[in-house]
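In this text, residue positions in the sequence shown follow full-length UniProt numbering: the first is 1, and each later residue adds one.
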Amino acid sequence: MPLHKRYDMVKLLLDGCFQGYRRRLRDKGLEMDVDELWHDLMEAALEADRQWPGDTGPDWERAVLQNVEARLQTM
């Protein structure tokens, strides 16, 4: 799959979860610049995608989201 298509898939996957992440942080009393949050989470998602050996699918999606969750835990 071309790299730009994988980037788009990562972006769509993260976009679907982004509002929930913002809400969870806000509920914990953690305010953060939205642009900074998006950048950090997108970086984590792309990092997981680069390490993924195969094509996209449910396992890929889980791996990407787990990496994003791990990044969120460290914030």
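Cβ atoms here follow ideal geometry from the backbone N, Cα and C, with glycine treated the same way.
Taking a contact to mean a Cβ-Cβ separation below 8 Å, would you say A45 touches L14 in this structure?
Reading the sequence shown from its first residue, position 45 is the one you call residue 45. Reading the sequence shown from its first residue, position 14 is the one you call residue 14. The answer is yes: Cβ separation under 8 Å.
Thinking just about the alpha-carbon of each residue, which of M42, D35 and M9 is nearest to the one in A70?
As a first step, residue 70 is located in the sequence shown; it is residue number 70 there, counting from the start. Looking at the Cα atoms, M42 is the closest of the given residues.
Whose C-alpha, out of D8, M32, R50 and W38, is nearest the C-alpha of A63?
To locate residue 63, count along the sequence shown from 1; it is residue 63. The shortest Cα separation from A63 among D8, M32, R50 and W38 belongs to R50.
I believe E34 touches R22 by the beta-carbon criterion, under 8 Å. Please report the beta-carbon distance rounded to the nearest angstrom.
Locating residue 34 in the sequence shown gives position 34, counting from the first residue. Locating residue 22 in the sequence shown gives position 22, counting from the first residue. Residue identity differs from the one stated: residue 34 is Val in this sequence, not Glu. Under the criterion of beta carbons closer than 8 Å, V34 and R22 qualify as touching, at roughly 7 Å.
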